[in-house]
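Q: Below you will find the structure I want to go over with you.
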Amino acid sequence: MSLFILFRRSFSILQQTKEKILSNPIKIDIDMQNKLEHLSLISFQDEKTIKKVEQTIHSSNIIHQANVDHLQPLYTLVETELCPLRQTDTISIEKTLQTKQVLENAANIYEEHLVAPMIGKRESQTVEKVDTTKL
Amino acid sequence: MAATAAAAVLSSGRFYALIGFEIHVKLATHSKMFSSSSSAPAQTTNSQVTPFDMALPGSLPYFNRTCLEAGIRAALGLNCQLNKISHFERKHYFYPDSPAGYQITQQRYPFASNGVFHYPLLIKKDKLKSSTKYKFVDNQNSFVIKQCRIERIQLEHDTGRSIHDDHQNRTLIDLNRFGTGLIEIVTKPDIQSSLEGESFLRELNRLLIKYNICEQSGLETAVRVDANVSLHRMNTKPDGNRIEIKNLGSFIDVRQAIDFEIKRQEQLLTNNYSIKNETRTYDTNKYQTIHLRRKEDQIDYRFMIEPNLPPLYLYDDNDKHIYGKNFVNIDDIKRNIPISPLDERKQYLDKYKDFLTAEHLHELLRLDMIDYFRDVMTHLDNNHLRHIALEVLLSDVKSISYDGRKIRKFAQAVSPILFADIIKHLEKRIITRFSLYTLLTLCNKSRDSTRSLKSFLDEHNMYAINDENELEKICLKILEENPKQIDRYKTNPKKALEQLHTSVCKKYHGRIHDDLVNDVFKRLLDKRIK
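Residue numbers (the UniProt record's numbering), protein chains in the order written: chain A, 1 to 135; chain B, 1 to 530.
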């Protein structure tokens, strides 16, 4: 009997939570869309995709109902360990890859460089420019 | 021009500037911070890469103790509080030279914080005339010392190298640099002008090299500076907005960028525009800062604790019962660090107080000659010689090698031992004061520090003529060649002697002492007149 009451109570809380979430629908505006695309490197091609993302966020929001006030986050499984230190500042030839190993899975290489599409200068880097047609 | 304009803005009394720095220092270690490949620069492309540097699945970071020790030395030199527990974090962003998609850093839980760094204000003497509020010495024996608070120092690693190929619309990536150990030093906005900024960075550079935290060349290769600059109306509180100028690679760039930015912000404020948060970069060709991105475009880095690295613990003598020898003891490092540049200078002023003043030391600092001065002093055994050496350093050597780069080359070509030998010869009157500049220039150009002084003097016949009979013969010959000066001596003796002195120096290449030749000329001319 008590189990039945517990089940009914849990179901009722869940129902209330669902109603609460449904009454506050998620809407992704253009700024948020740009931010999400930038962070994920995924392009939201059309309205259908955006709708799906909104629904996913919607469903996931139930996690906020959990009471975590008395909890600390577990950032790492080894949080009670001490950070191990590599004791000697020596170079390991065995662990260093050969250049051909570094490049072996790259689709495009150029003079032993990995090739990436041009993204743009990153603000915190001094980026060199070279005209490879003259090389 | 920008410097004058900025100085005018700050001395007008209408505005004040707040400047802070974020300084990335490449640590002087053989291997990288989280992997054991080499961190040496300028190696064959993609030849210093481990699986971790490529973010291959299954690879894990293994923290290099030497990086931690270098970081602690920096923290002690900057009088920071060392946090016994700190955490590594991931700073997420996508860029091809960062294969993992994040950088390991210590943004929110750094190992050192709340420090303060004292530095001497350095200024060219002639600038005092135009900006007299900048006193650089308090009195005979002390500098004007400024201070800047250090917000935090964090450990992090460098990224790979990107080369943009505009023509082929691609970016070439070299991962050799990825994972190299860095510390980031973040200051509070206590700097109030480009002059203070440059003085701060020069002193910090000295500390980093002296404590073996970064490579010898310091700011030019191992250090990158980002400056945060904001200008405010006098008697108003700062609103927190500031302009971030990224990737300044030399002292001159730092000064020019700050001066330009102060002038630019003054124009905005004067026209009633407000300063909004913005990131800019400095164009070294146009001598101005250029917009990169606005506050609204600021990146969300989604910081999270690095799950593959447990918390970093530091210990001291009080924790001896806890730690083993494999862990880092802060007090051990404290006992072994060298004296700070500030204390070292106080020692010099005390040790050489007979002839060295704060003004002299300031000039040596400004010209980056302090280490050369120290080495020369150790090879001279009395204060009379040391005084002569100081005078020669601040006149002849200053003319030959007037900036930091040139003085390093001079120090390699003219070793402190050779320089000390030259001073001893000068004191014994084996060479003349007049020939010193030529001799030092020849030694500097030869670039052979193993050559003896004797070989230079023999090759170029630079020995002083000290024999009285020979001097008399020379002076008589000069008098025969310059009869007008004999007549002139009767009416204007000073001018006549000057002309004769110039003639003899030109003819004998500075091999004759001023005082001796003047005495001989006077004696001969007086005899003739009688």
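From the three backbone atoms N, C-alpha and C, an ideal C-beta is built for every residue, glycine too.
Go through its chain and collect everything with a Cβ distance to N383/B's Cβ below 8 angstroms, but skip five positions before and after it.
A: Excluding positions up to five away in sequence, the list reads Y352, D354 and F355.
Q: Going by C-alpha distance, which of H509/B, L476/B, G181/B and K263/B is nearest D526/B?
A: It is L476/B.
Q: For I305/B, which residues in chain A fall below 9 angstroms Cβ to Cβ?
A: Correct list: P73, Y75, T76 and E79.
Q: Out of C148/B, P61/B, S35/B and I72/B, which has the shortest C-alpha to C-alpha gap to L93/A?
A: Residue 93/A is actually Ile in this sequence, not Leu. The candidate whose alpha carbon is nearest that of I93/A is S35/B.
Q: Pull out every residue of the stretch 157-173 of chain B whose Cβ sits closer than 9 angstroms to any Cβ of chain A, in chain order.
A: Against chain A - using a Cβ distance shorter than 9 angstroms - the residues of the stretch 157-173 of chain B are T159, G160, R161, S162, I163, H164, D165, D166, H167, Q168, N169, R170, T171, L172 and I173.
Q: Could you check which residue in G115/B, H379/B and G20/B has the C-alpha nearest to that of D226/B?
A: When only C-alpha atoms are compared, the closest one is G20/B.
Q: Listing by chain order, which chain B residues have their CB less than 9 angstroms from the CB of N60/A?
A: Sequence inspection shows Ser at residue 60/A; the Asn mentioned does not correspond to that position. Here the premise fails: no neighbours, minimum Cβ distance about 16 angstroms.
Q: Indicate whether the contact test is met: 3 or more Cβ pairs, each with one atom in the stretch 473-490 of chain B and one in the stretch 518-525 of chain B, closer than 8 angstroms.
A: Yes, since at least three Cβ pairs between the stretch 473-490 of chain B and the stretch 518-525 of chain B fall closer than 8 angstroms, the two stretches touch.
Q: For a cutoff of 9 angstroms on Cβ pairs, would you count Q107/B as touching chain A?
A: No - not a single Cβ of chain A is within 9 angstroms of the one on Q107/B.
Q: Would you verify that the beta carbon of I299/B is, or is not, closer than 9 angstroms to some beta carbon of chain A?
A: Cβ-Cβ to chain A under 9 angstroms: yes for I299/B.
Q: Could you tell me which chain A residues have their CB closer than 9 angstroms to the CB of Q147/B, listed as they occur along the chain?
A: By Cβ distance, chain A contributes nothing, its closest Cβ being about 28 angstroms from Q147/B, past 9 angstroms.
Q: Any idea which residues DSSP pairs Y119/B with across the strands?
A: BP columns for Y119/B point to K146/B.
Q: Which residues bound the beta strand (DSSP E) around R451/B?
A: Segment: none, R451/B is in no beta strand (DSSP E) and carries neither H nor E.
Q: Given that a residue counts as buried once 16 or more other Cβ atoms are within 10 Å of its Cβ, and exposed if not, what is K134/A?
A: Low local confidence applies: a pLDDT of 40 at K134/A is under 50, so the model's placement there is unreliable, and no value is given.
Q: Considering only DSSP beta bridges, list what F21/B is partnered with.
A: F21/B is bridged to A227/B.
Q: Taking a cut of 7 angstroms between CB atoms, which residues from the stretch 77-98 of chain B lie near chain A?
A: Correct list: F94, Y95 and P96.
Q: Counting only beta-carbon atoms, is N64/B nearer than 9 angstroms to chain A?
A: Chain A contact via Cβ: present.
Q: Inspect the beta-carbon positions of A42/B and H30/B and report whether they are closer than 9 angstroms.
A: No. Outside cutoff.
Q: Pairs of beta-carbons, one from the stretch 497-505 of chain B and one from the stretch 448-457 of chain B, closer than 8 angstroms: are there three or more?
A: Contact between the stretch 497-505 of chain B and the stretch 448-457 of chain B is absent, because fewer than three Cβ pairs lie under 8 angstroms.
Q: Using a C-beta to C-beta distance shorter than 8 angstroms, which residues of chain A count as neighbours of N46/B?
A: Per Cβ cutoff of 8 angstroms: T99, V102, L103, E112, H113 and L114.
Q: From Q192/B to R202/B, what does the alpha carbon distance come to, in whole angstroms?
A: C-alpha separation (whole angstroms): 16 angstroms.
Q: Between which residues of its own chain and S130/B is the CB-CB distance below 7 angstroms, once the five residues before and five after are set aside?
A: With a pLDDT of 37 at S130/B, under the threshold of 50, the modelled position of this residue cannot be trusted, and the question is left open.
Q: Does the beta-carbon distance from L436/B to D396/B come in below 9 angstroms?
A: Going by C-beta atoms, L436/B is nearer than 9 angstroms to D396/B.
Q: Can you list the beta strand (DSSP E) stretches of 3 or more residues lying completely in the stretch 306-362 of chain B, in chain order?
A: As far as the stretch 306-362 of chain B is concerned, it has no whole beta strand (DSSP E) run of at least 3 residues.
Q: So within the stretch 36-99 of chain B, which uninterrupted beta strand (DSSP E) runs reach at least 3 residues, ignoring any that extend past its ends?
A: The qualifying runs are 89-92.
Q: Give the range of the alpha helix (DSSP H) segment to which A496/B is assigned.
A: Here the alpha helix (DSSP H) through A496/B covers P493 to Y508.
Q: Output yes if chain B places a C-beta closer than 9 angstroms to the C-beta of M32/A; else output no.
A: By this cut-off, M32/A is not an interface position.
Q: Return no unless some Cβ of chain A is closer than 9 angstroms to the Cβ of F251/B.
A: For F251/B, the answer is no, since every Cβ of chain A falls outside 9 angstroms of its Cβ.
Q: Can you tell me the Cα-Cα spacing of M118/A and L175/B, whole angstroms?
A: Between M118/A and L175/B, the C-alpha separation is close to 17 angstroms.
Q: Using CA atoms only, rank isn't needed, just tell me which of K210/B, P189/B, K286/B and L204/B is closest to I243/B.
A: Considering only alpha carbons, the answer is P189/B.
Q: In terms of alpha-carbon separation, which member of R302/B, T45/B, K334/B and K91/B lies closest to D316/B?
A: It is K334/B.
Q: Could you please give me the residues that DSSP links to D283/B through a beta bridge?
A: Note: D283/B sits in a beta bridge opposite Q288/B.
Q: Based on Cα-Cα distance, which residue from D166/B, D158/B and D421/B lies nearest to V223/B?
A: It is D158/B whose Cα lies nearest to the Cα of V223/B.
Q: Anything in chain A within Cβ reach of M54/B, meaning under 8 angstroms, just list it in chain order.
A: Here the neighbours are L97 and V102.
Q: Determine contact between the stretch 100-109 of chain B and the stretch 145-159 of chain B, defined as no fewer than three beta-carbon pairs at a distance below 8 angstroms.
A: Segments in contact, yes.
Q: So, does the stretch 458-466 of chain B touch the stretch 479-488 of chain B, judging by three or more C-beta pairs under 8 angstroms?
A: No, because fewer than three Cβ pairs between the stretch 458-466 of chain B and the stretch 479-488 of chain B fall closer than 8 angstroms, the two stretches do not touch.
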